[in-house]
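Reading through the C-alpha cells given below for one structure.
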Amino acid sequence: MINLILFGPPGSGKGTQAAKLVEQYALLHISTGDLFRYEMSNDTPLGQEAKSYIAKGELVPDEVTIGMLRNKVEANPDVRGYIFDGFPRTIAQSEALDALLAEKEGEVSKLIMLDVPDDEIVARILNRGKTSGRTDDLDEDIVRNRIQIYKNETSQVFDFYAIKEKSIKIDGVGSVEEIFNRLCDEIDNL
Ligand code: UDP
Ligand code: MG
Numbered sequence: 359m360i361n362l363i364l365f366g367p368p369g370s371g372k373g374t375q376a377a378k379l380v381e382q383y384a385l386l387h388i389s390t391g392d393l394f395r396y397e398m399s400n401d402t403p404l405g406q407e408a409k410s411y412i413a414k415g416e417l418v419p420d421e422v423t424i425g426m427l428r429n430k431v432e433a434n435p436d437v438r439g440y441i442f443d444g445f446p447r448t449i450a451q452s453e454a455l456d457a458l459l460a461e462k463e464g465e466v467s468k469l470i471m472l473d474v475p476d477d478e479i480v481a482r483i484l485n486r487g488k489t490s491g492r493t494d495d496l497d498e499d500i501v502r503n504r505i506q507i508y509k510n511e512t513s514q515v516f517d518f519y520a521i522k523e524k525s526i527k528i529d530g531v532g533s534v535e536e537i538f539n540r541l542c543d544e545i546d547n548l
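Just so it is clear: in the sequence shown, position 86 is 444 by the numbering used here, and no numbers are missing.
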C-alpha cells in the first residue's frame with residue numbers, strides 16, 4: 359500500500375493537489391473536511407455536531423473525526439492506498455491512524471507538507487471564500503483562528519512523523535503544475 363498524508367496549513371493546496379495525485383497514482387482521496395461538509399449539507403447528526411466547531415474554525419473532537427475516518431477507510435478496503443488530506447490534525451489522530459493502518463498491515467508511507475507563508479494563505483482562503491460557499495473562508499478572524507490551531511496543535515503531527523523519518527516539506531508556492539511535479543518527484547522516490 360501507498361499511504362500518503364498531504365499536510366500543510368489551511369489553504370496550502372492540499373485538496374487541489376490531492377485531486378491530481380488521485381489520477382496519477384490511483385489512490386483513494388480522503389478529505390475529512392469534505393466528509394464533514396457532506397454531512398453538514400445533509401444535516402445528519404454528525405454534521406450537526408461538527409457544524410458548531412467548524413463555524414468557529416475550531417477542531418471537531420478527535421473521537422468524532424477518528425470514527426468518521428475509520429468508517430470511510432473500512433468502506434473502501436480494496437484500494438491501493440489512501441491520500442489523507444486534512445487528517446491527522448492532532449497527535450491523538452496520528453496514533454489512531456497508525457493503529458488503523460496497522461490493522462490492515464499497512465503504514466504511513468510519507469507525510470508531505472506544502473509549505474506556504476501565512477500572508478499568502480490568508481489571501482488564498484479569503485479569495486476562495488468568494489466562490490467556495492464556505493462560511494469559514496469568509497471571515498478573516500476565523501481564518502486566522504484556523505491558522506493558529508494549525509500552529510498550536512497540527513504542526514506537531516509533522517514532528518510525530520519526522521521522528522519516524524517520514525516527514526518532508528516541499529515549497530507550496532508556485533503554479534499548480536509546478537507543485538504537482540514536486541509532489542510526484544517525492545512519491546516516485548518512495
Ligand atoms: N475539521 C476538523 N477535523 C478534520 C478536518 C476538518 O475539525 O479532520 C474542521 C475544522 O474546523 C476545519 C474545517 O473542518 O477548520 C475545514 O477543514 P478543511 O480541511 O476542509 O479545511 P482547510 O483547513 O484544508 O482549509
Ligand atoms: Mg482542504
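Beta carbons: idealized from backbone N, C-alpha and C, even for Gly.
Residue i versus residue j - alpha carbon distance
i: P545; j: E432; result: Residue 545 is actually Ile in this sequence, not Pro. In a straight line, the C-alpha of I545 is about 24 Å away from that of E432.
i: K527; j: E453; result: 21 Å
i: R492; j: S399; result: 11 Å
i: Q514; j: L541; result: 21 Å
i: I479; j: A457; result: 32 Å
i: V501; j: G415; result: 7 Å
i: K462; j: T512; result: 25 Å
i: G371; j: T489; result: 16 Å
i: A460; j: A520; result: 18 Å
i: D615; j: D473; result: Any question about residue 615 goes unanswered here, given that the chain covers just 359 to 548.
Beta-carbon gap between residue i and residue j smaller than 9 Å
i: G530; j: N361; result: no
i: L364; j: Q375; result: yes
i: L385; j: I441; result: yes
i: D476; j: P367; result: yes
i: M359; j: R438; result: yes
i: T538; j: L379; result: The sequence given here has Phe at residue 538, not Thr. Taking 9 Å as the Cβ cut-off, F538 and L379 qualify as a contacting pair.
i: G391; j: D436; result: no
Contacts around residue i, its chain only, beta-carbon distance under 7 Å, and the 5 residues preceding and following it disregarded
i: K430; result: I388, L393
i: Q451; result: D420, T423, I424, F445
Residues of its chain near residue i, where Cβ-Cβ distance is below 8 Å and the 5 sequence neighbours each way are ignored
i: A377; result: H387
i: D517; result: S525
i: T448; result: L417, D420, E511, T512, Q514, V515
Own chain partners of residue i with C-beta closer than 6 Å, once the 5 adjacent residues on each side are dropped
i: D495; result: I483, R486, G487
i: R504; result: P368, G415
- Residues near the ligand SAM, criterion Cβ-heavy atom distance below 6 Å: Questions concerning the ligand SAM fall outside what the structure shown contains, since the ligands it does hold are the ligand UDP and the ligand MG.
- Message: If we require 4 or more residues per run, which alpha helix (DSSP H) segments fall completely within the stretch 388-425?
- Response: 390-399, 403-414
- Counting only runs of 3+ residues fully inside the stretch 434-496, write out the beta strand (DSSP E) ranges in chain order. 439-443, 468-473
- Residue ranges of each alpha helix (DSSP H) within the stretch 494-546, 4 or longer: 498-507, 513-520, 534-546
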